[in-house]
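Heads up, the sequence shown is in the numbering used here, so the first residue is 3 and it goes up one at a time.
Quick reminder that beta carbons are idealized off the backbone N, C-alpha and C, glycines included.
These notes concern the structure reproduced below.
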Amino acid sequence: MNFLKIHCLGWGSKSLDANSILNKLFPDGRGGGSKEPPWIVLGLGNPGSEYKNTRHNVGWWCLDELVKRSGATINRKRKELAFAQVELHSMPTLLAYPMMLMNRSGIALNYLAKRFKTPAAKIIVITDDIHLKPGSIRVRDKGGAGGHNGLKSIISALGTENFPRVRIGVGKPQYGIEQVDHVLGKFDPENLKLVKLATDRAADAVTLIINNKIESAMNTYNSSGDGNPVDKQK
């Protein structure tokens, strides 16, 4: 895999012209010198060190894994969006971290999608899911928000539910704990190990989807019941 070039992008600032910066980064308006729009892989999460290790940020953990595999680092800045330019299976891909609160994630994604003319079918969203047990993952080619505010924002911004997503299980809140407190809380050591393994598998699933094999990704990671790859020979 090519070495990642990491860029941070902001808009809404008098001192920063997003279009001029993107034109310099990608003169052809696409990225990677390709005539095809790039894939966009967006991890849902909240910016800020206080949210870094929470259940709600496992989408960012998966992006971090994809970046780590390429030996790159991200220079985090207080901007509305940070992204990495990378090639996966020779396809230009943007790994995007919205630097906005979860319920405004669609604003950041919609900007990239329109700027690079990326259709919804080539946008992969990585998200936490309280309906899945910790350590499990699911791959879907479309679907509703399932009560997730980040997905609600994405669907509203794109105007469609027809985009791939990889869901990472974080478990349901215990009795008496509010959902918001649960997703903004941290894992216990046992579940943390499971979820870290799940983010690795989620990264594998993303690369499989980008290789135009979303059906294969769903068959591989959904059939086992826990998101582990299925050995078809057994």
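Are residue i and residue j close, meaning C-beta to C-beta below 9 Å?
| i | j | result |
| --- | --- | --- |
| P100 | L46 | yes |
| V208 | I128 | yes |
| F165 | I132 | no |
| L44 | A110 | yes |
| T95 | I42 | yes |
| V88 | S107 | no |
| K154 | T56 | no |
| H184 | K174 | yes |
| V182 | W63 | no |
| V69 | D130 | no |
May I ask which residues mark the beginning and end of the beta strand (DSSP E) holding residue i?
| i | result |
| --- | --- |
| T129 | 125-131 |
| G178 | Run containing G178: none; DSSP gives neither H nor E here. |
| T95 | 93-100 |
| E89 | 83-90 |
| V141 | 139-142 |
So what's residue i in DSSP terms, helix, strand or just coil?
| i | result |
| --- | --- |
| V185 | helix |
| F165 | coil |
| G152 | helix |
| K70 | helix |
| I42 | strand |
| V60 | helix |
Start and end of the alpha helix (DSSP H) containing residue i?
| i | result |
| --- | --- |
| E217 | 216-224 |
| R117 | 107-118 |
| V208 | 191-212 |
Quick one: measure Cβ to Cβ for residue i and residue j, integer angstroms, because I've assumed they're closer than 8 Å.
| i | j | result |
| --- | --- | --- |
| T201 | E67 | 5 Å |
| N151 | M104 | 5 Å |
| L186 | A115 | Rounded, the Cβ-Cβ distance is 27 Å, inconsistent with contact. |
| I216 | D143 | 5 Å |
| A204 | L210 | Between L210 and A204 the Cβ distance is about 11 Å, and since that is not below 8 Å, they are no contact. |
Distance cutoff 9 Å, beta carbons only. Does residue i sit that close to anything in chain B?
| i | result |
| --- | --- |
| L196 | Note that chain B does not occur in the displayed structure, where there is just one protein chain. |
Tell me whether the region 129-148 and the region 157-170 touch, counting them as touching only if at least three CB pairs, one residue from each stretch, are closer than 8 Å. yes
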